[in-house]
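Participant: Protein chains in written order, with the working numbering: chain A, 3 to 316; chain B, 59 to 497. By construction, the Cβ of each residue, glycine as well, lies at the ideal position given by its N, Cα and C atoms. Remember, predicted model here, so these are calculated numbers, not experimental data.
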Amino acid sequence: MALAAALVGLVALVIYAVLGGADFGGGVWDLLATGPRAGRQRTAISDAIGPVWEANHVWLIFALVLLFTCFPPAFAAIGTGLYVPLSLALVGVVFRGAAFVFRNYAADVTAVASTWTVLFGISSLAAPFFFGDAIGALATGRYAAMSAFAIAVGLFAVAVCAQIAAVFMLREVREPGVQQDFRRRALRATLAVWILGLVPCAIAAGYEPSIVRGLLHPLAVTAIAVALVAGVVTIVCVARRQDSSARVAVGVEAAAILAGWFGAQAPELVPNQYTFASAASPDATIAAFLVATAVGAMVLVPSLLLLFRVFKRA
Amino acid sequence: MDHVIAARAQMGTSLAFHIVFAALGVGLPLLICIAEGLWLRTGERAYYDLAKSWAKGMAILFAIGAVSGTILSFELGLLWPGFMRYAGSLIGLPFSLEGFAFFIEAIFIGIYIYGWDRLSPRAHWLCIVPVMLSGAVSAGFVTLANAWMQMPTGFRIVDGKVIDVQPLVAMFPKPWALEVTHATVGAYVFSGFALAAVCASAWLQGNRSPAVSRGLRIAMLVGALSVAVQIVVGDTIARFDAAQEPAKFAAMEVVKKTTSDAPLTVGGIPTADGLCCTIEIPKHLSFLVAFSASAKVRGLDAIPPADRPPVAATHLSFDAMVGSATLLFIIALVWVPSAIRRKDPPKWLALAIALTGPLALIALEAGWFVTEFGRQPWIAVGLQRTSDAVTPAPNLDLAFYGFSAIYVVLGMTCAWLLLHLRRGEPASDPAIDERKAPI
Numbered sequence: 003m004a005l006a007a008a009l010v011g012l013v014a015l016v017i018y019a020v021l022g023g024a025d026f027g028g029g030v031w032d033l034l035a036t037g038p039r040a041g042r043q044r045t046a047i048s049d050a051i052g053p054v055w056e057a058n059h060v061w062l063i064f065a066l067v068l069l070f071t072c073f074p075p076a077f078a079a080i081g082t083g084l085y086v087p088l089s090l091a092l093v094g095v096v097f098r099g100a101a102f103v104f105r106n107y108a109a110d111v112t113a114v115a116s117t118w119t120v121l122f123g124i125s126s127l128a129a130p131f132f133f134g135d136a137i138g139a140l141a142t143g144r145y146a147a148m149s150a151f152a153i154a155v156g157l158f159a160v161a162v163c164a165q166i167a168a169v170f171m172l173r174e175v176r177e178p179g180v181q182q183d184f185r186r187r188a189l190r191a192t193l194a195v196w197i198l199g200l201v202p203c204a205i206a207a208g209y210e211p212s213i214v215r216g217l218l219h220p221l222a223v224t225a226i227a228v229a230l231v232a233g234v235v236t237i238v239c240v241a242r243r244q245d246s247s248a249r250v251a252v253g254v255e256a257a258a259i260l261a262g263w264f265g266a267q268a269p270e271l272v273p274n275q276y277t278f279a280s281a282a283s284p285d286a287t288i289a290a291f292l293v294a295t296a297v298g299a300m301v302l303v304p305s306l307l308l309l310f311r312v313f314k315r316a
Numbered sequence: 059m060d061h062v063i064a065a066r067a068q069m070g071t072s073l074a075f076h077i078v079f080a081a082l083g084v085g086l087p088l089l090i091c092i093a094e095g096l097w098l099r100t101g102e103r104a105y106y107d108l109a110k111s112w113a114k115g116m117a118i119l120f121a122i123g124a125v126s127g128t129i130l131s132f133e134l135g136l137l138w139p140g141f142m143r144y145a146g147s148l149i150g151l152p153f154s155l156e157g158f159a160f161f162i163e164a165i166f167i168g169i170y171i172y173g174w175d176r177l178s179p180r181a182h183w184l185c186i187v188p189v190m191l192s193g194a195v196s197a198g199f200v201t202l203a204n205a206w207m208q209m210p211t212g213f214r215i216v217d218g219k220v221i222d223v224q225p226l227v228a229m230f231p232k233p234w235a236l237e238v239t240h241a242t243v244g245a246y247v248f249s250g251f252a253l254a255a256v257c258a259s260a261w262l263q264g265n266r267s268p269a270v271s272r273g274l275r276i277a278m279l280v281g282a283l284s285v286a287v288q289i290v291v292g293d294t295i296a297r298f299d300a301a302q303e304p305a306k307f308a309a310m311e312v313v314k315k316t317t318s319d320a321p322l323t324v325g326g327i328p329t330a331d332g333l334c335c336t337i338e339i340p341k342h343l344s345f346l347v348a349f350s351a352s353a354k355v356r357g358l359d360a361i362p363p364a365d366r367p368p369v370a371a372t373h374l375s376f377d378a379m380v381g382s383a384t385l386l387f388i389i390a391l392v393w394v395p396s397a398i399r400r401k402d403p404p405k406w407l408a409l410a411i412a413l414t415g416p417l418a419l420i421a422l423e424a425g426w427f428v429t430e431f432g433r434q435p436w437i438a439v440g441l442q443r444t445s446d447a448v449t450p451a452p453n454l455d456l457a458f459y460g461f462s463a464i465y466v467v468l469g470m471t472c473a474w475l476l477l478h479l480r481r482g483e484p485a486s487d488p489a490i491d492e493r494k495a496p497i
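(1) Is DSSP giving B:C185 helix, strand or coil here?
(2) Please name the residue, chosen from A:N58, A:L33, A:V16 and A:V13, that lies closest to A:P305 on a Cα-to-Cα basis.
(3) What does B:L155 reach in chain A if we use C-beta pairs closer than 8 angstroms?
(4) Starting from the beta carbon of B:I215, find every residue of chain A whose beta carbon is closer than 7 angstroms, and list them in chain order.
(5) Which residue from A:S89, A:A139 and A:T112 puts its Cα closest to that of A:L271?
(6) From the DSSP secondary-structure annotation, give me the bridge partner or partners of B:G332.
(7) Buried or exposed for B:W406, please, with buried defined as at least 16 other CB atoms from any protein chain shown within 10 angstroms of its CB.
(8) Can you list, in chain order, the residues of the region 75-104 of chain B whose Cβ is nearer than 8 angstroms to any Cβ on chain D?
(9) Between B:R493 and B:L253, what straight-line distance do the alpha-carbon atoms span, to the nearest angstrom?
(10) What do you reckon, are the CB atoms on A:T142 and B:S147 nearer than 8 angstroms?
(11) Flag B:G264 as yes if its beta-carbon sits less than 8 angstroms from any beta-carbon of chain A, otherwise no.
(12) Tell me, which residues are paired with B:R266 by DSSP?
(13) For B:P179 and B:S111, what's the separation of their Cα atoms in angstroms?
(14) What is the rounded straight-line gap between the Cα of B:V223 and the Cα of A:A289?
(15) Rounded to the nearest angstrom, what separates A:T119 and A:D32 at their Cα positions?
(16) I need the straight-line Cα distance from A:L309 to B:L108, nearest angstrom please.
(17) Using the Cβ count rule (16 or more neighbours within 10 Å means buried), how would you classify B:E303?
(18) Quick one: which chain B residues come within Cβ less than 7 angstroms of A:F104?
(19) Any beta carbon of chain A sitting closer than 8 angstroms to that of B:R480?
(20) Can you name, in chain order, every residue of its own chain whose Cβ lies under 7 angstroms from the Cβ of B:I497, other than the five neighbours on each side?
(21) At the 8 angstroms Cβ level, is A:A81 part of the contact set with chain B, yes or no?
(22) Considering only the beta carbon of each residue, do A:Y276 and A:A76 sit closer than 8 angstroms?
(23) Using a Cβ-Cβ distance under 8 angstroms, would A:F313 count as near chain B?
(24) Can the beta-carbon of A:G265 be found less than 8 angstroms from the beta-carbon of A:A207?
(25) Along the region 153-183 of chain B, what residues have a CB closer than 9 angstroms to any CB found in chain A?
(26) Based on the DSSP secondary-structure assignment, which residues constitute the bridge partners of A:R185?
(27) Note down, one range per segment and in chain order, each beta strand (DSSP E) of at least 3 residues found wholly within the region 226-314 of chain A.
(28) Going along chain A, which residues have a C-beta under 7 angstroms from B:L468?
(29) For B:R103 and B:P268, what's the separation of their Cα atoms in angstroms?
(30) If you follow the beta strand (DSSP E) that B:T316 is in, where does it begin and where does it stop?
(31) Specify, as a first and last residue, the run of the alpha helix (DSSP H) that B:K405 falls within.
(32) Does any residue of chain A have a CB that is nearer than 8 angstroms to the CB of B:L73?
(33) How far does the alpha helix (DSSP H) with B:K219 in it reach, from first residue to last?
(34) Whose Cβ in chain A lies nearer than 7 angstroms to the Cβ of B:Y144?
(35) Going residue by residue through the region 131-194 of chain B, where are the continuous alpha helix (DSSP H) segments of at least 4 residues, counting only ones entirely within it?
(36) Return the first residue and the last residue of the alpha helix (DSSP H) that A:E56 is part of.
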């Protein structure tokens, strides 16, 4: 029962990482928008994020609710142990959302719009960084949010978001010049993901023996291999202008990274403190949660399909 | 600042901020639904302009509501881990269902706001319906969790451990129906009068466009009907509290000693050791509680001193809520004749309607304060004290100041932006003349 809830949680996190991650990455590219087409890059990012970011954001709430419903002691422990990085991630999430609407609706007042545009970019970068940092800190088993490992995971998370966003943008823009900009960015970001992915591994090899043990778990090894292959496929697809396939590939890559984390840590939810089983709510609660999720999904899935059909047709 | 006070201050500020956006998230879609529906029926431009301008406001308010709601769900763990450690399995179910309602709301609000040109007018109008329903439903689910904190149920405690968890029982604690109705209707009261006040102040500033007078009528209608319902619901709740939540009731009504012929205490000024300068109406409280002037009312003396809620805060919040709701009701009554004659209100009435916005805000916030002050010193009544639930994390006062600063920035920018959009509103949108309403 606990494992079923954990797997639902993993699925929610994967969807959040891909869709929410793309929105954060969009903000990062907004911050980094340069060159003669900077304005049009920003417009394209706004148009792509606008209708969907709020729905994508709900996956975070869903994952959070799942955690405190199905694994309440772990939620309490994480809230206490990761108080600082989670608070900062929260500030990032809040400013990202607020800044996005503020700058869009105040577009005619340049001073206001440009201030909130900068805040939009910075907070889009901060949120995934601190979420990554929190995950890294959790993995260390001692809530070491300031450890080199956790910080490296934070940077890696930013790179992954930027990569997903750049790949996703390829199908969002019509203008060839802007599309070319994002194509270059998608390739560079994939390289950044590889390099920044190596850093935490190297740090773990030197300083975090328990994490290395986890990463050598067959499930984790498989997931990392899948992520690497998916990264290569992403690059090939981006270079050959197969943008739809690139989307799938980069999604698989993100899913594999999170599955790798899951595999490296399972069955521990909070290393050294709680396993999935020891933190689990009574079966009655988890059963009720799973039924609620199944019923909710019946309403959610068609609604989501409608949303993406209205705004994301090719 | 004291550790527990800092945590409570941060949670309280977060809720006081969020509730404004949450209430508008429930009520505004109803107003928009009416306006756009009237446009589809009558083809009158004013209704289209109205729906469009309210929808712009909704887009901004919903985003701020979504992010401030996110703060709250994090704060459950960041501030109250001692509570969530066991309560998560009990109140998680309504929160999970709320999550799905929030999903539907976010999805259809996205379609609605960005879909004016992508959908047929009728399909577009239909998209506000799920927003309206899921907004109300999600507020209801969150209120269920709050009702559980007032009267926890659905479990047994053996050796200090929570066992025999029954999530479906825990989802419907005794006050659930009353609390959910009160909160939902309260959202309509606030939204109706807030929007009516916006229209009235535009009218006072000389904007005589048909959209303004139509908007005023729709919003006042929603506000007036819901405040009438709310007075009945509120009265029922007070009687429920007298019977089921004696500590809260005694604090609300400043009943010091258990007594028959209890007087009704109104107003007062908080002092170091209670309230001074209150007005007492003899026997009236006994009458209100049981329709008999000699009925017995349980007082604070029946509650152990350590378990008593803060009397001044609870009572004054209660009076602020009841007082402002009564004023709203009176203004609504006075408005009815001019509404029936389909005339624009005279200037003094427009001024009064412009005042309903602040009054409705007071009623909303004060009502929330009554529930929450009245629950103290418990986080879950009879089960755990607030001071036992708080996080051990240090420097909570810094977090409180930090988040308060965020709310000031967000609140001010949001207010400025809404005013800015209203100023910048074109008298008419030329594009719409080509887009005929299907009559």
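Facilitator: To lay it out plainly:
(1) If DSSP states are grouped into helix, strand and coil, B:C185 belongs with coil.
(2) Inspection of the sequence shows that residue 305 of chain A is occupied by Ser rather than by Pro. The option with the nearest alpha carbon to A:S305 is A:N58.
(3) Ordered by position in chain A, the residues that pass the 8 angstroms Cβ test against B:L155 are A294 and G298.
(4) The contacting residues do not exist; B:I215 stays about 14 angstroms from chain A at best.
(5) A:A139
(6) B:T329
(7) By the neighbour-count definition (other C-beta atoms within 10 Å, threshold 16), B:W406 is an exposed residue.
(8) Protein chains in the displayed structure are A and B, and chain D is not among them.
(9) Low per-residue confidence applies at B:R493: pLDDT is 49, beneath 50, and the placement is therefore not dependable, though the value from the model is reported in the following sentence. Cα to Cα, the separation comes out at about 26 angstroms.
(10) No, these two residues do not count as a Cβ contact at 8 angstroms.
(11) no
(12) DSSP output for B:R266 lists no bridge partner at all.
(13) 16 angstroms
(14) 12 angstroms
(15) In a straight line, the C-alpha of A:T119 is about 8 angstroms away from that of A:D32.
(16) 25 angstroms
(17) buried
(18) T471 and L475
(19) no
(20) Caution is warranted here: a pLDDT of 42 is assigned to B:I497, below 50, making its placement in the model unreliable, and no coordinate value can be reported.
(21) It is Gly, not Ala, that sits at residue 81 of chain A in the sequence shown. Residue-level contact check: A:G81 touches chain B, since one or more beta carbons of chain B fall below 8 angstroms from its beta carbon.
(22) yes
(23) yes
(24) no
(25) F153, S154, L155, E156, G157, F158, A159, F160, F161, I162, E163, A164, I165, F166, I167, G168, I169, I171, Y172, G173, R176 and L177
(26) None, per the DSSP bridge assignment.
(27) 270-272
(28) Chain A residues near B:L468: A100.
(29) 9 angstroms
(30) Where B:T316 is concerned, there is no enclosing beta strand (DSSP E), given that its DSSP letter is neither H nor E.
(31) K405 to R433
(32) no
(33) Per DSSP, B:K219 belongs to no alpha helix (DSSP H); it is in the beta strand (DSSP E), K219 to I221.
(34) P74
(35) Every alpha helix (DSSP H) stretch that sits fully inside the region 131-194 of chain B and reaches 4 residues is listed by chain position as 139-172 and 179-184.
(36) If you look at A:E56, you'll find it in the alpha helix (DSSP H) that goes W55 to C72.
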